[in-house]
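Here's the structure, in structure tokens; my notes come after.
2 protein chains.
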Amino acid sequence: MATRGNGRPRRPSITDVARRAGVSVGTVSNVLNRPEQVTPATRERVQAAIEELNFVRNASARQLRAGTIRTVGAIVLDIANPFFTEVARGIEDRLAPDEYTLMLSSSDEDPEREARYLRLYEEHGVQGVLVTPSQGSLEAILALRERGIGVVLLDATSDVEDVSSVGVDDVRGAALAVEHLLELGHERIAFINGPDSIRQCVDRRAGVVSALLAAGRDPADVLTEVTVGSLNADAGEKAMNELLGVDAARRPTATFCVNDFTALGALRALRWADVRVPDEMALVGYDDVVIAPMLTVPLTSVHQPTHTLGWTAADLLLREASAEGAVEHQRVLFQPELVVRTSTAGG
Amino acid sequence: MATRGNGRPRRPSITDVARRAGVSVGTVSNVLNRPEQVTPATRERVQAAIEELNFVRNASARQLRAGTIRTVGAIVLDIANPFFTEVARGIEDRLAPDEYTLMLSSSDEDPEREARYLRLYEEHGVQGVLVTPSQGSLEAILALRERGIGVVLLDATSDVEDVSSVGVDDVRGAALAVEHLLELGHERIAFINGPDSIRQCVDRRAGVVSALLAAGRDPADVLTEVTVGSLNADAGEKAMNELLGVDAARRPTATFCVNDFTALGALRALRWADVRVPDEMALVGYDDVVIAPMLTVPLTSVHQPTHTLGWTAADLLLREASAEGAVEHQRVLFQPELVVRTSTAGG
DNA sequence: CAGTGGTCATGAATCGTTTCAAGGACGAAA
DNA sequence: TTTCGTCCTTGAAACGATTCATGACCACTG
Chain E
1 MATRGNGRPR RPSITDVARR AGVSVGTVSN VLNRPEQVTP ATRERVQAAI
51 EELNFVRNAS ARQLRAGTIR TVGAIVLDIA NPFFTEVARG IEDRLAPDEY
101 TLMLSSSDED PEREARYLRL YEEHGVQGVL VTPSQGSLEA ILALRERGIG
151 VVLLDATSDV EDVSSVGVDD VRGAALAVEH LLELGHERIA FINGPDSIRQ
201 CVDRRAGVVS ALLAAGRDPA DVLTEVTVGS LNADAGEKAM NELLGVDAAR
251 RPTATFCVND FTALGALRAL RWADVRVPDE MALVGYDDVV IAPMLTVPLT
301 SVHQPTHTLG WTAADLLLRE ASAEGAVEHQ RVLFQPELVV RTSTAGG
Chain H
1001 MATRGNGRPR RPSITDVARR AGVSVGTVSN VLNRPEQVTP ATRERVQAAI
1051 EELNFVRNAS ARQLRAGTIR TVGAIVLDIA NPFFTEVARG IEDRLAPDEY
1101 TLMLSSSDED PEREARYLRL YEEHGVQGVL VTPSQGSLEA ILALRERGIG
1151 VVLLDATSDV EDVSSVGVDD VRGAALAVEH LLELGHERIA FINGPDSIRQ
1201 CVDRRAGVVS ALLAAGRDPA DVLTEVTVGS LNADAGEKAM NELLGVDAAR
1251 RPTATFCVND FTALGALRAL RWADVRVPDE MALVGYDDVV IAPMLTVPLT
1301 SVHQPTHTLG WTAADLLLRE ASAEGAVEHQ RVLFQPELVV RTSTAGG
């Protein structure tokens, strides 16, 4: 068998198939791409040759000539983060039926890493990219479009007009949580929030405040905000202990946590302080992580349509790719949903 | 600017760069691949042209000629599963410094889906694939190697001799959990396990039994096994309630759950029945999911080196790819680790 | 029987890169 | 001045598929 220098067998090419079937390469190509234009007899002969040789198309050669490739690149902040994991799954589910492949990487919010992957994807000639932009990388991303590469921003509510993006309305999500607590009659509400350097924290605070105002409350009266440095359980526990320092008659009767991890910590603090949930303290989280319903006290949380988010992003991209001429850019903002469980409406 | 029929600008090629810099294409290629062989003056001229034109290499043409491509394909059972997510991150972290790209898909344990992705990857000419094989797909995977594609099995303790694989020792992991409980003095241990159709369940049972035997105990005396149909919290809760049906004097004093989700359910049942953890019932999970330490009662669990698993799999693959001639196949089995927390050793 | 139309198969050109034998320029040595 | 040798650069041939103008062949029609 022919080799390619490194001793590995060369994979059979369309030429080998043609020779074996006694036809020309053009015919083999026709069998592969326009089978109806080939006589059944010939077609079968070619098919047989293909199977005997274990012929597999060479995507590179194909793309080189045809100019297109059924591949999409995605760059998320961190594949190991459940949020992006579910988004990725949504992307995949949109791509699979169209036989597209997905190239996936994590930027870790490092613009340099992101740029490197973008270039790699561009070299590969992907049809488009789905990106969660890091700080200040938007410009480079948009430049891709001038070189014929589709772009859809993931989980970014961009100010830029002419680029498609998908995101979830964090302001609304937080408002939902607070509205729920108000409806339950809570008049002193705590908000355990993270630093302003995280967009989500800023948006969610805005949602909290707007919900209070919309209900005719003065945030200064109702709201106690505790800011933590990082969004994990330990921080949440510490924050809740701080809240519990106030005597029971004057402390908040409900707490909204900026994410489920901090809520878990808060829950732990409540348990150790023997404060009953939700009777003495109602609790709402955000993200609706997979274990939220599995907890000893199932956690009320704001659910984000992550799968749909990814699916839609991929859908927009494929649509733009197949659109003739000018493309209409869409900016989709999904609405989160409050999932009420025992931690607020316990029975 | 030149177009390619669909109205999008054609990306500049090496020829365009050559023309602009007033050199031949060969020289441009040399600048890109063997810069030391080019006079600094020429090199700079070419570099300038590259930047002015925003030239980006065409990976397809490159691969077509050079025969190689820095891409690896991975097929896991489900990207949305945290286990595989962390594995994927490990793979990525191994590939990134070598400028490899990762193509990632989920097979959902469907051999047909898996086969489709394998073919897609093969068409793309990936250097190798990392696969968690579905039922009965091993043969097709191994056939790839005859066509020059590297293969490393992920999370599979394969019986096949001559293929590299990485996995985690589930037998040992379960044994660790049981040894721990025995050391704490527990003499009646429950094991909430899943169906035998799942390999992990079978392996972990074997580990439980072997640990008991090794300690000179008769499993028939010590062990109470409850089998659940699916590995989620509700099933775990039900199983634990069943165990609690026995009067306190004779029921198990410790429970080992086949994964953390069932353990969460068990924990919930214990809380509602007002059984103190770990005093009246110790609890061990498996997987060490991210929230295990965040729980009200932090959960003792068996931790698997998922990131390392992925990293090592990718490492084996790259090594095999760069190895000259015959490759030595390695089968790496990682050892899990018990992380002791309050749910067994509570203060 | 010539003419027409339609169906299939052909083979050369093409995509953008890498590679390599061959040639050019230039300086050093004789 | 001639002759080498060295160092850069060149240009054409590949890689494997797709595409398309061309032509072969056959069946009808008039």
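Protein chains in written order, with my numbering: chain E, 1 to 347; chain H, 1001 to 1347.
Glycine included, each C-beta is placed from N, C-alpha and C at the ideal position.
- Within the segment 1239-1266 of chain H, contact with chain E at the beta-carbon level (separation under 9 Å) is assigned to Asp1260, Phe1261, Leu1264, Gly1265.
- DSSP places Ser1013(H) in no alpha helix (DSSP H); its state is neither H nor E.
- Val1226(H) is not a Cβ neighbour of Leu1212(H), given a cutoff of 8 Å.
- Closest in C-alpha terms to Leu1120(H), from the list Ser60(E), Asp279(E), Ala74(E), comes Ser60(E).
- The beta carbon of Ser1106(H) falls within 8 Å of a beta carbon belonging to chain E, placing the residue at that interface.
- Secondary structure note for Thr71(E): its beta strand (DSSP E) is the uninterrupted segment 71-76.
- In this structure Asp155(E) is buried. Its beta-carbon is surrounded by 16 or more other beta-carbon atoms within 10 angstroms.
- Runs of the alpha helix (DSSP H) lying entirely within the segment 193-218 of chain E, each at least 4 residues long, are 199-214 in chain order.
- Secondary structure in the segment 89-129 of chain E: the beta strand (DSSP E) runs of 3 residues or longer, each lying completely within the stretch, are 101-106 in chain order.
- For Ile141(E), no Cβ of chain H is located within less than 8 Å of the residue's own Cβ.
- With a 10 Å radius around the Cβ and a threshold of 16 neighbouring Cβ atoms, Thr1068(H) comes out exposed.
- Under the Cβ criterion of 8 Å, Glu1114(H) is not counted among the residues facing chain E.
- At a cut-off of 8 Å between C-beta atoms, Gly1125(H) counts as an interface residue with respect to chain E.
- Interface criterion not met: the Cβ of Arg1319(H) is under 8 Å from no Cβ in chain E.
- Interface residue (Cβ-Cβ distance to chain E less than 8 Å): Arg1147(H) is classified as such.
- Under DSSP, Glu337(E) forms a beta bridge with His303(E).
- Interface residue (Cβ-Cβ distance to chain H less than 8 Å): Ala59(E) is classified as such.
- Proximity of Ala80(E) to chain H, defined by a Cβ-Cβ separation below 8 Å, is satisfied.
- For Glu1099(H), at least one C-beta of chain E is nearer than 8 Å to its own C-beta.
- Remark: C-beta atoms of Ala263(E) and Gly245(E) do not approach each other more closely than 8 Å.
- For the pair of segments examined, the segment 111-128 of chain E was found to touch the segment 137-147 of chain E: the number of CB pairs separated by less than 8 Å reaches three.
- Taking the Cβ atoms as the reference, Thr253(E) lies roughly 6 Å from Arg188(E), within the contact range of under 8 Å.
- One Cα belongs to Asp1247(H), the other to Asn1241(H), and the distance between them is close to 12 Å.
- For Asn54(E), the residues of chain H that pass the 9 Å Cβ criterion are Ala1143, Glu1146, Arg1147, in the order they occur in the chain.
- In the structure shown, the three-state DSSP call for Val1226(H) is strand.
- Taking a Cβ-Cβ cut-off of 9 Å, the neighbours of Ala1233(H) in chain E comprise Ile291, Pro293, Met294, Leu295, given in sequence order.
- Nearest in C-alpha terms to Leu1095(H), of all of Leu104(E), Arg94(E), Val87(E), is Leu104(E).
- Counting other Cβ atoms within 10 Å of its Cβ, Trp1311(H) reaches 16 or more and is therefore classed as buried.
- Separation of Ala1143(H) and Glu1122(H) (C-alpha to C-alpha, rounded to the nearest whole angstrom) is 11 Å.
- For the pair Arg45(E) and Ser106(E), the Cα-to-Cα distance works out to about 46 Å.
- Counted as a single uninterrupted DSSP element, the beta strand (DSSP E) harbouring Ser1164(H) occupies residues 1164-1168.
- Rounded to whole angstroms, Leu1318(H) and Val160(E) show a C-alpha spacing of 41 Å.
- Across the structure, Asp93(E) and Val327(E) are spaced so that their CA atoms are roughly 23 Å apart.
- About 6 Å separates the CB atoms of Arg1011(H) and Arg147(E); that is less than 8 Å, so the two are in contact.
- When beta bridges are read from the DSSP output, Arg1331(H) appears opposite Ser1165(H).
- The beta carbon of Asp287(E) sits closer than 6 Å to those of Asn259, Asp260, all from its chain and outside the five residues before and after it, given in chain order.
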